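For reference, the structure discussed in these notes is given below.
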Amino acid sequence: MAGQAGRSAGFNKEDLSSYEYKKILCKKDEIKTLEDKTSHVSDYELCEETVNDFYTKFRTNHDTLKLKCDNENGSKCCRDVNYYLDHATGIFKSSILNDSDKNKLIKIVEEIWEPNLRAKDIYICERQTDLDSTRKRSILQHLHDLKEDEDYILSYTKDYNNHLKEKWEKIISYTDSKPSSLFVKIENNSMGIVENYKNFLDSSDYICGNNLNDLSAHDIKISTDMDDFLTTISLDKISLNVEKNLCFNKRYVDMLKYKASNLQRINNALSIGVAVLGVLLIFIFLYEFSPLGRFLRRRTKKQIEVDENANDEIPDSYENSENGIPYISYHSTSH
3 MAGQAGRSAG FNKEDLSSYE YKKILCKKDE IKTLEDKTSH VSDYELCEET
53 VNDFYTKFRT NHDTLKLKCD NENGSKCCRD VNYYLDHATG IFKSSILNDS
103 DKNKLIKIVE EIWEPNLRAK DIYICERQTD LDSTRKRSIL QHLHDLKEDE
153 DYILSYTKDY NNHLKEKWEK IISYTDSKPS SLFVKIENNS MGIVENYKNF
203 LDSSDYICGN NLNDLSAHDI KISTDMDDFL TTISLDKISL NVEKNLCFNK
253 RYVDMLKYKA SNLQRINNAL SIGVAVLGVL LIFIFLYEFS PLGRFLRRRT
303 KKQIEVDENA NDEIPDSYEN SENGIPYISY HSTSH
């Protein structure tokens, strides 16, 4: 984990608004203790006690937190609980334990910790464990945390960015297996962001003043090829984006411009094609049904008959020849 070196004396992550619930769940930064004591052991038995101790304290702390999780606070409680479960999963996956021990620990998280931490009578919370769901969950968490920490970020930008690298390191390590290979598109009626997945989580640039409660996992797309977003980016949302507190980044705007330009070229080509087709249809109509058309057809028919008669007479003029030299034969008439 990244150290505290280089941080300003005034920076303390527990002072962040986004840590209001996180510091209740991990009062003494138990997640760091879990990492320190499990990352460098090669046998499950050597970390079993540490893992059980973390869970016991985390569950006790959650019993305290859940009293705050009614009404509108439920979604924040859910995000923060899931963050630590995802973080613990990242710690186990990046450890030097063999794969069977790693899977054993992850199974404990999913089948024991998670169900027992659900306070269904107080707040609703889901945690899908596939990679895409984990990525989208992290993106939503990051946006909400940035908005809560806005004032603090302005005063400690460099320290906060270092904090983000530490905060997301373990989760990124298993949700982005090929470093910097993933791209995200976040798009709804007041937001448009296209960015590298890791860079997004490591950045404090995306403080969005719009209503993040309107944003869901369905508004997030993930791909290994950023150009894929060109087919899904929505021009229909532009006319709706007239409210304040819009949140767009340059890549998203550039994609909108590119797609709009391509559509304009296509529309121009279609307009030309329709115009040409219209002219042709007018000519066909005039030719078939107008007096001018009847006149042209009669004239064409007469011209064809004249040409046919001329073609019949030409061979007769060259029928006779002498010694291979053609000559014109005249009919003699008696006088």
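Going by our numbering, the sequence shown opens with residue 3, and the numbers climb by one from there.
Note that the Cβ used here is the ideal one computed from N, Cα and C, for glycine as well.
All values reported here derive from a predicted model rather than from experimental measurement.
Query raised in the report: Helix, strand or coil: which one does DSSP assign to V43?
Result: Here the question's residue 43 lines up with position 41 in the sequence shown. V43 falls in the coil class under three-state DSSP.
**Report entry** Host alpha helix (DSSP H) of S135 (start-end)
**Finding:** Locating residue 135 in the sequence shown gives position 133, where the first residue counts as 1. Here the alpha helix (DSSP H) through S135 covers L133 to E150.
Query - Continuous alpha helix (DSSP H) stretch holding I174: start and end - result: For the purposes of this step, residue 174 is taken as the residue at position 172 of the sequence shown. Segment T159 to T177, the alpha helix (DSSP H) holding I174.
Query - Short Cβ contact (8 Å threshold) for L18 with H64 - result: As a first step, residue 18 is located in the sequence shown; it is residue number 16 there, counting from the start. As a first step, residue 64 is located in the sequence shown; it is residue number 62 there, counting from the start. H64 sits away from L18, with the two beta carbons spaced by 8 Å or more.
Report task. Could you tell me whether the segment 140 to 157 touches the segment 96 to 109, where touching means 3 or more Cβ pairs closer than 8 Å? Result -> Verdict: no, contact absent.
Query - Length of the line joining the Cα atoms of I174 and K24 - result: Against the sequence shown, residue 174 aligns to sequence position 172. Against the sequence shown, residue 24 aligns to sequence position 22. For I174 and K24, the distance between alpha carbons rounds to 19 Å.
**Report entry** Within 8 Å, strictly: CB atoms of G92 and Y176
**Finding:** In the sequence shown, residue 92 corresponds to position 90, counting from 1. In the sequence shown, residue 176 corresponds to position 174, counting from 1. In contact: G92 and Y176 (Cβ atoms closer than 8 Å).
Query raised in the report: Which value, in whole angstroms, describes the spacing of the CA atoms of N243 and D101?
Result: The residue labelled residue 243 in the question sits at position 241 within the sequence shown. The residue labelled residue 101 in the question sits at position 99 within the sequence shown. Summary for N243: the model assigns pLDDT 48, below 50, so the residue's position carries little reliability, and this model does not support an answer.
Query raised in the report: Using the rule of at least 16 other Cβ atoms within 10 Å of the residue's Cβ for burial, across every protein chain shown, is N215 buried or exposed?
Result: Against the sequence shown, residue 215 aligns to sequence position 213. Flag for N215 reads exposed.
Query raised in the report: With burial defined as no fewer than 16 other Cβ atoms inside 10 Å of the residue's Cβ, what is the status of D82: buried or exposed?
Result: One-based indexing of the sequence shown puts residue 82 at position 80. Answer is buried; the Cβ neighbour count reaches 16.
**Report entry** Among C71, G12 and N164, the one whose alpha carbon lies nearest that of C127
**Finding:** Position 125 of the sequence shown holds residue 127. Proximity to C127 across C71, G12 and N164 peaks at C71, based on C-alpha coordinates.
Query raised in the report: Could you give the distance in angstroms between the alpha-carbon of N251 and the alpha-carbon of E189?
Result: Along the sequence shown, read from residue 1 onward, the residue named residue 251 stands at position 249. Along the sequence shown, read from residue 1 onward, the residue named residue 189 stands at position 187. Just so you know, the alpha carbons of N251 and E189 end up roughly 11 Å apart.
Requested in this report: Could you tell me how far apart the beta carbons of I222 and V196 are, in whole angstroms, since I believe they sit closer than 8 Å?
Outcome: Reading the sequence shown from its first residue, position 220 is the one you call residue 222. Reading the sequence shown from its first residue, position 194 is the one you call residue 196. Not a contact, Cβ separation roughly 11 Å.
Query raised in the report: For W340, which of M257, A219, Y86 and T66 has the nearest alpha-carbon?
Result: The structure shown does not extend to residue 340, since the chain is modelled only from 3 to 337, so the question has no answer here.
Report task. Let me know if K78 comes out buried or exposed under the rule of 16 or more other beta-carbons within 10 Å of its beta-carbon. Result -> Residue mapping note: residue 78 aligns to position 76 of the sequence shown, counting from 1. Burial is judged here by how many other beta carbons sit within 10 angstroms of a residue's own beta carbon; K78 has at least 16 and is buried.
Query raised in the report: When we look at the beta-carbon of D88 and count the other beta-carbons within 10 Å, is it buried (16 or more) or exposed?
Result: Locating residue 88 in the sequence shown gives position 86, where the first residue counts as 1. Around the C-beta of D88, 16 or more other C-beta atoms lie within 10 Å, and the residue is accordingly described as buried.
Query raised in the report: Is it the case that the Cβ atoms of L258 and I224 are separated by a distance below 8 Å?
Result: What you label residue 258 is simply residue 256 of the sequence shown in a count that begins at 1. What you label residue 224 is simply residue 222 of the sequence shown in a count that begins at 1. Taking 8 Å as the cut-off, the beta carbon of L258 is found no closer than this to the beta carbon of I224.
Query - CB of K200 within 8 Å of CB of S182, strictly - result: On the sequence shown, residue 200 is found 198 positions in, with the first residue counted as 1. On the sequence shown, residue 182 is found 180 positions in, with the first residue counted as 1. Going by C-beta atoms, K200 is nearer than 8 Å to S182.
Query - Where the beta strand (DSSP E) through V186 begins and ends - result: Here the question's residue 186 lines up with position 184 in the sequence shown. For V186, the uninterrupted beta strand (DSSP E) run begins and ends at F185 to N190, by DSSP.
Query raised in the report: Regarding W115 and the ligand GTP, is the C-beta to nearest heavy atom distance less than 7 Å?
Result: Among the components modelled here there is no ligand, and therefore nothing to report on the ligand GTP.
Query raised in the report: Does the distance from the C-beta atom of I141 to that of S206 stay below 8 Å?
Result: Locating residue 141 in the sequence shown gives position 139, where the first residue counts as 1. Locating residue 206 in the sequence shown gives position 204, where the first residue counts as 1. The criterion of a C-beta distance shorter than 8 Å is not satisfied by I141 and S206.
**Report entry** N-terminal and C-terminal residue of the beta strand (DSSP E) that N198 is part of
**Finding:** Position 196 of the sequence shown holds residue 198. From DSSP, the beta strand (DSSP E) with N198 extends over M193 to N198.
Report task. Spatial neighbours of T131 within its chain, please: CB distance less than 7 Å, with the 5 preceding and 5 following residues excluded, ordered by chain position. Result -> Indexing the sequence shown from 1 puts residue 131 at position 129. The residues are E112.
Query raised in the report: Which residues in the same chain as H165 place their Cβ atom closer than 6 Å to its Cβ, once the five residues preceding and following it in sequence are excluded?
Result: Mapped onto the sequence shown, residue 165 falls at position 163. Once the five neighbours on either side are set aside, the close Cβ partners of H165 are K15.
Query raised in the report: In three-state DSSP terms, what is I94?
Result: For the purposes of this step, residue 94 is taken as the residue at position 92 of the sequence shown. Per the sequence presented here, residue 94 reads as Phe, with Ile not at that position. Three-state DSSP puts F94 in a helix.
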